[in-house]
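Number of protein chains: 2
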Amino acid sequence: MADVVMDSKHEPVDARDVTDLVLQEILAGVLLPGTWLKQIDLERRYKCTRPEVRRALDRLAQKRLVEHVPNRGYHVYEPDGRRAREVSEIRVILETAVADTIVENASAADIAALKTLAAHFDLMVLNGTMLELYEANLAFHRQLLVLGGNQELVDLITEIRQRTSSAPVSQWRTRARVERSGREHHLMVEAIEKKEAETLKELVRQHILQS
Amino acid sequence: MADVVMDSKHEPVDARDVTDLVLQEILAGVLLPGTWLKQIDLERRYKCTRPEVRRALDRLAQKRLVEHVPNRGYHVYEPDGRRAREVSEIRVILETAVADTIVENASAADIAALKTLAAHFDLMVLNGTMLELYEANLAFHRQLLVLGGNQELVDLITEIRQRTSSAPVSQWRTRARVERSGREHHLMVEAIEKKEAETLKELVRQHILQS
DNA sequence: GTATCCAAAATTGGCGCCAATTTAGGATAC
DNA sequence: GTATCCTAAATTGGCGCCAATTTTGGATAC
Numbered sequence: 620m621a622d623v624v625m626d627s628k629h630e631p632v633d634a635r636d637v638t639d640l641v642l643q644e645i646l647a648g649v650l651l652p653g654t655w656l657k658q659i660d661l662e663r664r665y666k667c668t669r670p671e672v673r674r675a676l677d678r679l680a681q682k683r684l685v686e687h688v689p690n691r692g693y694h695v696y697e698p699d700g701r702r703a704r705e706v707s708e709i710r711v712i713l714e715t716a717v718a719d720t721i722v723e724n725a726s727a728a729d730i731a732a733l734k735t736l737a738a739h740f741d742l743m744v745l746n747g748t749m750l751e752l753y754e755a756n757l758a759f760h761r762q763l764l765v766l767g768g769n770q771e772l773v774d775l776i777t778e779i780r781q782r783t784s785s786a787p788v789s790q791w792r793t794r795a796r797v798e799r800s801g802r803e804h805h806l807m808v809e810a811i812e813k814k815e816a817e818t819l820k821e822l823v824r825q826h827i828l829q830s
Numbered sequence: 620m621a622d623v624v625m626d627s628k629h630e631p632v633d634a635r636d637v638t639d640l641v642l643q644e645i646l647a648g649v650l651l652p653g654t655w656l657k658q659i660d661l662e663r664r665y666k667c668t669r670p671e672v673r674r675a676l677d678r679l680a681q682k683r684l685v686e687h688v689p690n691r692g693y694h695v696y697e698p699d700g701r702r703a704r705e706v707s708e709i710r711v712i713l714e715t716a717v718a719d720t721i722v723e724n725a726s727a728a729d730i731a732a733l734k735t736l737a738a739h740f741d742l743m744v745l746n747g748t749m750l751e752l753y754e755a756n757l758a759f760h761r762q763l764l765v766l767g768g769n770q771e772l773v774d775l776i777t778e779i780r781q782r783t784s785s786a787p788v789s790q791w792r793t794r795a796r797v798e799r800s801g802r803e804h805h806l807m808v809e810a811i812e813k814k815e816a817e818t819l820k821e822l823v824r825q826h827i828l829q830s
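Those sequence lines, one after another, are chains A and B.
Just so we're aligned: the first sequence equals residues 620 to 830 in the working numbering.
Just so we're aligned: the second sequence equals residues 620 to 830 in the working numbering.
Here is the structure:
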């Protein structure tokens with residue numbers, strides 16, 4: 620019910636399963652930064668074949684979630700402060716840029732959908748795993764961006780978010796921080812309702828930068 | 620001398636060769652949109668093994684430059700008007716956003732470097748292949764972005780530029796258009812010299828949108 | 001007791017074969 | 001003459017083996 624949120628592509632469904640499995644384990648913090656991803660381990664862990672593992676690792680290396688060292692293997696990327704900051708900066712630029720369009724285009728139904736997603740996030744704060752929380756947050760922001768009317772932008776941001784979120788756990792260290800995120804989501808929806816684009820921009824800006 | 624411009628990554632150098640080879644052929648317009656990329660053909664054409672071809676195709680599919688149809692193969696993506704427009708929009712947002720920083724940070728040496736690259740582009744307009752022209756243009760824009768001080772942004776834009784440039788030939792259809800691009804490059808450098816950020820933004824905006 | 005060197009075990013990664021699916025061509029029936 | 005079915009060729013893609021490189025553990029020398 621929650622795992623079908625992904626994309627609507629007719630992509631290689633074949634081996635993507637393994638890729639996503641490893642991806643989720645990294646995002647969930649099970650596979651910590653620096654961990655060496657041995658092919659035999661993954662092979663056994665996910666009950667798949669060697670070529671499947673290798674393709675998954677290659678894809679993750681392309682996404683720059685793991686690093687490939689020739690003849691040594693693949694290991695989860697160490698968190699890079701600079702990169703994280705730069706990605707946040709990019710997100711601020713892009714997400715504030717579409718704020719005007721969002722405020723303009725948002726229908727009553729859109730706002731209702733956002734409220735549902737914001738509420739769902741709150742629910743996951745109380746009783747949900749770290750991954751579910753991460754996905755609830757992602758779903759809210761995706762829906763927000765969809766209203767910007769640029770599908771490519773939605774996909775792009777979804778993509779770059781993964782790049783530095785090697786340890787999403789570390790981002791939401793404190794409970795207070797998470798709860799504040801929840802409140803900010805509601806504030807954003809309010810700003811949209813009141814058609815206050817500038818307020819929305821400032822909210823988005825702060826929301827992104829303090830992670 | 621011109622082919623070392625790429626990135627400074629310590630990436631899998633092993634099979635990337637093949638990936639880049641196919642990539643360049645697509646960018647150069649040799650492999651037209653819709654063309655089916657048969658594994659045997661590529662294997663012979665680039666004198667490489669089957670697994671290498673397959674990895675290259677998988678990577679290009681990830682980059683969404685080719686589409687994978689299960690049990691049918693891979694074919695070059697058809698140009699998508701909507702996506703092209705959306706990518707341009709994203710580029711305008713990002714490249715104008717860093718204009719302020721560029722104007723602030725640009726040293727005399729930086730400006731000189733830009734002038735050299737702009738001149739090199741002009742040279743390629745006169746006597747250079749389509750691919751060389753493409754790369755000269757890319758080099759100029761990369762150098763411009765580097766001054767923005769966000770490395771991640773530089774890489775990101777380089778990446779998304781490739782997504783829709785299935786047929787770069789079609790972008791620079793007329794000679795007049797190309798020559799105008801060359802002149803605009805010089806105007807951008809001038810704006811930076813005069814520290815006119817707003818002028819630069821408008822130039823960048825128009826430069827990107829009319830392609 | 002510590003450092004160095006050597007050997008064995010483990011891991012990566014290149015390569016090719018074969019089964020499954022699809023496509024094209026020809027033969028037959030209408 | 002045309003449409004349909006069936007067979008054969010071709011293409012994709014899954015899977016496993018083996019060589020090359022690296023790492024680890026132990027033995028030996030200092």
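For every residue, glycine included, the Cβ atom is placed at its ideal position computed from N, Cα and C.
- Take A/LEU713, set aside five residues on each side of it, and the residues of its chain with a beta-carbon closer than 7 angstroms to its own are LEU772 and ILE776, in chain order.
- A distance of 8 angstroms or more separates the beta carbons of A/HIS694 and A/GLY648.
- As computed with DSSP, B/VAL688 is found in a beta bridge with B/GLY692.
- A/LEU651 carries a coil assignment under DSSP once its states are collapsed to helix, strand and coil.
- Note on geometry: alpha-carbon atoms of B/GLY767 and B/ILE721 lie some 5 angstroms from one another.
- Residues of the region 716 to 738 of chain A with a C-beta atom less than 9 angstroms from some C-beta of chain B are ALA716 and VAL717, listed in chain order.
- In the three-state reduction of the DSSP assignment, A/LEU656 falls in the strand class.
- Taking C-beta atoms under 8 angstroms as the contact rule, A/THR715 and A/LYS820 qualify, at a distance of about 4 angstroms.
- The CB of B/ARG702 comes closer than 9 angstroms to the CB of GLN770 and GLU771 in chain A, given here in chain order.
- Chain-ordered, the chain A residues with CB closer than 8 angstroms to the CB of B/GLU705 read ASN769, GLN770, GLU771 and LEU772.
- B/VAL744 and B/ARG824 have their C-alpha atoms some 22 angstroms from each other.
- Contacts with chain B at 8 angstroms (Cβ-Cβ) do not include A/ASP636.
- Interface flag for A/ILE645 against chain B is unset, since no Cβ pair is found closer than 8 angstroms.
- Excluding sequence positions up to five before and after A/ASP719, its CB lies within less than 6 angstroms of the CB of ALA816, all in the same chain and listed in chain order.
- Under the 8 angstroms Cβ criterion, the region 668 to 686 of chain B counts as touching the region 675 to 683 of chain A, having at least three qualifying pairs.
- Chain A places a beta carbon closer than 8 angstroms to that of B/ASP677, counting this residue as a contact.
- The region 738 to 752 of chain A and the region 654 to 668 of chain B do not touch, with fewer than 3 CB-CB distances between them shorter than 8 angstroms.
- When only Cα atoms are considered, A/GLN781 and A/GLU754 end up about 11 angstroms apart.
- Shown here for A/VAL637: same chain residues with a beta carbon closer than 6 angstroms to its own, the five before and five after excluded, namely TYR665, CYS667, GLU671 and ALA675 in chain order.
- Considering only beta carbons, no part of the region 813 to 830 of chain B lies closer than 7 angstroms to chain A.
- B/GLY768 carries a coil assignment under DSSP once its states are collapsed to helix, strand and coil.
- A residue is called buried once 16 or more other Cβ atoms fall within 10 Å of its Cβ, and A/ARG691, having fewer, is exposed.
- In the three-state DSSP reduction, A/LYS814 falls in the coil class, being neither helix nor strand.
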